[in-house]
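Everything on this sheet refers to the single structure shown next.
Numbering (the numbering used here), first residue to last: 675 to 1108.
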């Protein structure tokens, strides 16, 4: 269809026909842009990713104080979650390293109770009989003496400090794989004399710092010849003062019977040795023998640490939720404060989708800044804690990735309502806002 225009001089045909205006009903929700000269069609305006990020960042730069406080809530939640996972993983890594070093092939054999409820006893031949089992590679033994140890004879006898005096076999440290911290272990000569080796806890509680110091046992002075490092698989050794079996018989009046056996065996035969030990150590009453595996306790401890970690992760999730609520509140207030800006953008041709995308981008950027800061803070806390506690610093990659993914989810959830509210604003009403 061609249109003509009136001219006082002449009527001329336009070089290009003027297309009739599109009905108003068809133009609703559409932005008029520059004419596509190739086809003569209207192309909808669109925001690229870089433009969207730039527009969202400009909205955040106008309120730096509020943005920092809102991002801080997200950062605390993410830092808590990353630090909890990192510290737990570091502790577990050390525990698994200890198990790899000490092995899971150690069994502890102790007497149980008789049919009448009395304490059962081992014979002197129990160690030899246990060592006779084919897959057994080493056997160590300790025996109770009934005596206590004190720093001097002036300390009341009832104040034992939770320490025990045990007789020990010469191959006990090798069986437990517990090295000496200082000094030497008992030998054939010192095992018959008043010489003692202290566990790590016993040395600390008695205040013994050097070998050659003396401790008071059963009214006699005993010379400290060595101090053991902490024994992970046998923590009772840490709280003990160890003397030779011969010295216990000669100076403490002990019968010299072992009360606990520590048995090492081939890894593949641990279960078979565990079943054979009661019948071997006490053939007459195997039901009176108790056999345990110390590594099982460490594995149970690792499982308990995992359950505690899950509890702390829940606390971190609550902090993250609170941070998300803070982001949503910030975005809602931002929409209310920027109504004139929204109205101006809508009047200049911005679509509802573009306004919605702008505020959603602001929410994601706000949460993202908090997530990155929180992940960095959580990793730093983990490294610092590991350095102080002498642990291997382990920050799982999945914890960092999960924390950042959580921030994006929180940012999206927190920005949906404010973005939709901004997009629904009428341009004329927004511009009339004072």
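Backbone N, C-alpha and C fix where the C-beta goes; we use that ideal spot for every residue, glycine too.
Please read all numbers here as calculations on a predicted model, not as lab measurements.
Residue pairing from DSSP places residue 888 in a beta bridge opposite 897.
The segment 749-767 makes contact with the segment 1077-1085; the number of CB pairs closer than 8 Å reaches 3 or more. Per DSSP, the beta-bridge partners of residue 914 are 838.
The distance from the Cβ of residue 922 to that of residue 841 is about 4 Å, consistent with a contact at the 8 Å cut-off. At least 8 Å separates the beta-carbon of residue 826 from that of residue 934. Annotation: the continuous alpha helix (DSSP H) that includes residue 774 extends over 738-776. Judged by DSSP secondary structure, residue 803 falls within the alpha helix (DSSP H) whose first and last residues are 800-805. Excluding sequence positions up to five before and after residue 1060, its CB lies within less than 7 Å of the CB of 764, 1066 and 1067, all in the same chain and listed in chain order. Pairing residue 873 with residue 902 gives a Cβ-Cβ distance under 8 Å. Shown here for residue 1055: same chain residues with a beta carbon closer than 6 Å to its own, the five before and five after excluded, namely 757 in chain order. In the DSSP secondary-structure assignment, residue 949 is not bridged to any residue.
Nearest neighbour of residue 989 by Cα position, chosen from 735, 849 and 759, turns out to be 759. Around the beta carbon of residue 1075, fewer than 16 other beta carbons lie within 10 angstroms, which makes this residue exposed. When the Cα atoms are used, residue 887 and residue 896 turn out to be separated by approximately 8 Å. Per the coordinates, the alpha-carbon of residue 908 lies some 33 Å from the alpha-carbon of residue 1053. A direct Cα-to-Cα measurement between residue 1001 and residue 775 gives close to 48 Å. Here residue 837 has 823, 876 and 913 as same chain residues with Cβ atoms under 6 Å from its own Cβ, once five neighbours each way along the sequence are excluded.
Residue pairing by DSSP places residue 847 in no beta bridge whatsoever. Of the residues 785, 885 and 1097, the one whose Cα lies closest to the Cα of residue 1018 is 1097.
Residue 927 carries a coil assignment under DSSP once its states are collapsed to helix, strand and coil.
Secondary structure at residue 868: coil, using DSSP grouped into helix, strand and coil. Out of 740, 1032 and 788, the CA that lies nearest to the CA of residue 962 is found in 788. Counting every other CB atom within 10 Å of its CB across the protein chains shown gives residue 799 a total below 16, marking it as exposed. Beta-carbon to beta-carbon, residue 879 and residue 820 are separated by about 19 Å, too far to satisfy the 8 Å threshold. Distance from the CA of residue 1102 to the CA of residue 1058, rounded to the nearest whole angstrom, comes to 56 Å. Non-local C-beta neighbours of residue 867 in its own chain, meaning closer than 7 Å and more than five positions away in sequence, comprise 921, ordered along the chain. The C-beta distance from residue 809 to residue 945 rounds to 10 Å, too long to fall under 8 Å, and the pair is not in contact. The three-state reading of DSSP puts residue 833 in coil, since its state is none of H, G, I, E or B. DSSP links residue 1043 through a beta bridge to no other residue. If you check the CB distance, residue 1089 and residue 1038 come in under 8 Å. Counted as a single uninterrupted DSSP element, the beta strand (DSSP E) harbouring residue 818 occupies residues 810-818. Residue 966 sits in a strand when the DSSP states are folded into three classes.
Between residue 1044 and residue 746, the beta carbon gap of about 7 Å places them in contact (Cβ cut-off 8 Å). For the segment 994-1023, the continuous alpha helix (DSSP H) assignments of 4+ residues that do not extend past its boundaries occur at 1013-1021, in sequence order. The C-beta distance from residue 1031 to residue 1085 rounds to 13 Å, too long to meet the 8 Å contact threshold. Looking at 829, 883, 814 and 904, the one whose alpha-carbon comes closest to that of residue 852 is 904.
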